[in-house]
Amino acid sequence: SVFGAQKGMQKRAMSFQDFAKENALALNIGIAIAASVTCVAIGFIVRSKHQDRLEGEIQDSSNEETDEESKYPGGKMSIYFGSQTGTAEGFAKDLAAEGKNFGFNTKVIDLEDFEADQVTESKLSIFIMATYGEGEPTDNATEFVNFLKQDAAFSPSNAYAVFGLGNRQYEQFNQTSKTVDKVLEKRG
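Per full-length UniProt numbering, the sequence shown starts with residue 1, numbered consecutively.
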């Protein structure tokens, strides 16, 4: 019957909506877990190196650590984000909070405000990139991506990581983060 067919279609539509909601939540949780695990791993490495240095060093009054070095043994970590809807910015802020817990002096920077010399000041630079439209960078990251593609002299002098946010259903899934990683890998 027509009524039975409509009921069946409604059930399938509701099932699909529930499935989509569950997968979106799972994706967001997965990304948050990956970011936290990365911070934890980096924190363990930094703490281990810092502890080894403290145990092995003879304290020399002329080489005392500054307040910032003792407060942030991990050094400076810059977290850049390219976001259209605010998701990447939210992850950047969460990652910064986790980084502080593990001894990093963190700073969250909108890629719209990117300055090349900031990258060289940080011990670790993290780029959280969303892809918009058909594989393009977000509005606030367009100038940064163009800069990377054009300025062959720019090279990160520190460790970096690139996290991509996107939807697997798009043909150009995570294209912006892939582009940024490819360019940075060639240069550094």
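All C-beta atoms, glycine included, are put in the ideal place defined by N, C-alpha and C. Please read these numbers as outputs of a predicted model, since none were measured by experiment.
Residues in the same chain with beta-carbon distance under 6 Å from T131, minus the five sequence neighbours each way, listed in chain order, please. Cβ-Cβ distances below 6 Å link T131 to G166, N174, Q175, T176 in the same chain, with the five nearest sequence neighbours on each side left out; the list follows chain order.
Are the Cβ atoms of N105 and K76 separated by less than 7 Å? In contact: N105 and K76 (Cβ atoms closer than 7 Å).
Any heavy atom of the ligand SAH closer than 6 Å to the beta-carbon of E112? The model on display carries no ligand, and the ligand SAH is accordingly not part of it.
Using DSSP bridges, identify the partner residues of K76. DSSP output for K76 lists N105 as bridge partner(s).
Apply the 10 Å Cβ neighbour rule to T85 and answer buried if 16 or more other Cβ atoms are within range, or exposed otherwise. Per the 10 Å Cβ criterion, exposed.
Roughly how many angstroms separate the alpha carbons of A116 and F154, rounded to a whole number? About 8 Å.
Neighbourhood of F163 by C-beta, 6 Å cutoff - its chain only, sequence neighbours within 5 removed: Within the same chain, F163 has close Cβ partners I128.
Which same chain residues, not among the five before or five after G135, have their C-beta less than 6 Å away from its C-beta? For G135, where only same-chain residues beyond five positions count, the Cβ hits under 6 Å are Q172, Q175.
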